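Okay, here's the thing in structure tokens:
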């Protein structure tokens, strides 16, 4: 069975395509959905000009939050979630732990805390352009 990787920006992906059978347990599925919703919220903030900080450090301005899957015969398996600074390279925040059942992943509650627990954002309210006379 040949597979390929497919990736979507989280705000352009239908949450309903994430299914329980992609995960080792129901709890792992629920944790992943919590993470997916958080990633969507972060991406919406980025798209409206907010600066996203991870543990006080600004994320790359070109960073996009993606959801990725392995695709076999038109079906999606093994979802992963995280930021990507350029196409094809993603830091996995959720979905890195393989499940015991084939083509599944496991997500721990601690994964959510590690991934999203130190995220803050800054709303640019009084942004001005530097006026230089050259």
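Numbering (my numbering), first residue to last: -17 to 116.
Here a beta-carbon is modelled for each residue, glycine too, at the ideal position from N, C-alpha and C.
Remember, predicted model here, so these are calculated numbers, not experimental data.
Residue i, buried or exposed, once every other Cβ within 10 Å from all chains shown has been counted against 16
| i | result |
| --- | --- |
| residue 56 | exposed |
| residue 61 | buried |
| residue 100 | exposed |
| residue 19 | exposed |
| residue 80 | exposed |
| residue 86 | buried |
| residue 4 | buried |
| residue -4 | exposed |
| residue 108 | exposed |
Identity of the residue in the options nearest residue i by Cα
| i | options | result |
| --- | --- | --- |
| residue 41 | 81, 59, 104 and 8 | 104 |
| residue 23 | 4, 64, 54 and 80 | 64 |
| residue 102 | 2, 39 and 89 | 39 |
| residue 73 | 94, 47 and 95 | 47 |
| residue 88 | 107, 78 and 21 | 78 |
| residue -13 | 90, 94, 30 and 49 | 49 |
| residue 45 | 108, 67, 93 and 30 | 67 |
| residue 21 | 54, 2 and -10 | -10 |
Own chain residues within Cβ distance below 8 Å of residue i, not counting five before or after
| i | result |
| --- | --- |
| residue 119 | Here the chain covers residues -17 to 116 and nothing more, so residue 119 does not appear. |
Cβ neighbours of residue i in the same chain (closer than 6 Å, five flanking residues each side left out)
| i | result |
| --- | --- |
| residue 28 | 34 |
| residue 58 | 51 |
| residue 2 | 11 |
Nonlocal neighbours in the same chain, by C-beta distance under 7 Å from residue i, ignoring five residues either side
| i | result |
| --- | --- |
| residue 97 | 17, 75 and 76 |
| residue 83 | 6 |
Open item on the list: Pairs of beta-carbons, one from the segment 6 to 13 and one from the segment 30 to 44, closer than 8 Å: are there three or more?
Closed with: no
Open item on the list: If we require 3 or more residues per run, which beta strand (DSSP E) segments fall completely within the segment 72 to 114?
Closed with: Complete beta strand (DSSP E) runs here, min 3: 101 to 104.
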